[in-house]
Amino acid sequence: MNRPDDFWSRRKAAVQAEAKAEALALEEQVIAERQAELEEKDDAEILAEFNLPDPETLQPGDDVSGFMAKAVPDRLRRRALRRLWRLNPVLANVDGLVDYGEDYTDAACVIENMQTAYQVGKGMLAHIEALAADAEEAKDDAAESEADTRAEPEAVPVEPDPRPEPVSLALADEPEEIDLPPAPRRMTFEFEG
161 MNRPDDFWSR
171 RKAAVQAEAK
181 AEALALEEQV
191 IAERQAELEE
201 KDDAEILAEF
211 NLPDPETLQP
221 GDDVSGFMAK
231 AVPDRLRRRA
241 LRRLWRLNPV
251 LANVDGLVDY
261 GEDYTDAACV
271 IENMQTAYQV
281 GKGMLAHIEA
291 LAADAEEAKD
301 DAAESEADTR
311 AEPEAVPVEP
321 DPRPEPVSLA
331 LADEPEEIDL
341 PPAPRRMTFE
351 FEG
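For the sequence shown, the positions run 161 to 353 when my numbering is used.
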């Protein structure tokens, strides 16, 4: 009758999870309070309290597991681990086969005047030229269709332009800015090779 989707099974699992979370939180709170007390003490007092040797007097083969307890402050744990790393030749002398032991950034691999087959923008120029040709074709088609719609030009009487009156530069208005679309640019590439 107890199925995994049964309400009481889920409720029982939730209560157990809450109890575990509360126990863990209480344990972490006790450890944090204990470490706050230990922060006020000096290293010699802490070592005597936990019955640990001085990290600087550790010898090869000594057990450092006492320093790994949660109650031991990080500064003492780091001192013990530094001493262990200095004593153990396997940890102190890193071999040359370590991945990522070298500098593999681009700056380390740059060679002066390196020749390569890579061409910046290759193929892009052809795409831009095709777009420009399409735009030019569309403009020509529009001009032809406009010419076809005007079969017979209407005669418009041309009046002679009156001469503009001279204007002094002090009284002249600044010319208005005209918003024109940007002219298409031609991209040129130079390749060494």
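Using N, Cα and C, we set each Cβ at its ideal position, and we do this for glycine too.
- The beta-carbon separation of residue 218 and residue 243, rounded to 5 Å, stays under the 8 Å limit for a contact.
- Proximity to residue 249 across 221, 176, 192 peaks at 221, based on C-alpha coordinates.
- Of the other Cβ atoms in all chains shown, fewer than 16 fall within 10 Å of the Cβ of residue 280; this residue is therefore exposed.
- The beta carbon of residue 292 sits closer than 6 Å to the beta carbons of 344 from its chain, once the five residues preceding and following it are set aside; these are given in chain order.
- The three-state secondary structure of residue 339, taken from DSSP, is coil.
- Under the criterion of beta carbons closer than 8 Å, residue 231 and residue 170 do not qualify as touching, at roughly 37 Å.
- Residue 193 carries a helical assignment under DSSP once its states are collapsed to helix, strand and coil.
- Classified as exposed, residue 167 has fewer than 16 neighbouring CB atoms from the shown chains inside 10 Å of its CB.
- Put simply, of 298, 240, 236, 271 the residue whose alpha carbon is nearest the alpha carbon of residue 206 is 236.
- Taking each of 255, 294, 265, 203 in turn and checking the Cα distance to residue 238, the smallest one comes out for 203.
- If you look at residue 218, you'll find it isn't in any alpha helix (DSSP H); DSSP assigns it neither H nor E.
- Per DSSP, the unbroken alpha helix (DSSP H) holding residue 206 starts and ends at 203-210.
- Here the alpha carbon of residue 301 sits roughly 54 Å from the alpha carbon of residue 265.
- Per DSSP, the continuous alpha helix (DSSP H) segment holding residue 243 begins and ends at 234-247.
- Shown here, residue 257 sits in coil according to DSSP, grouped into three states, outside any helix or strand.
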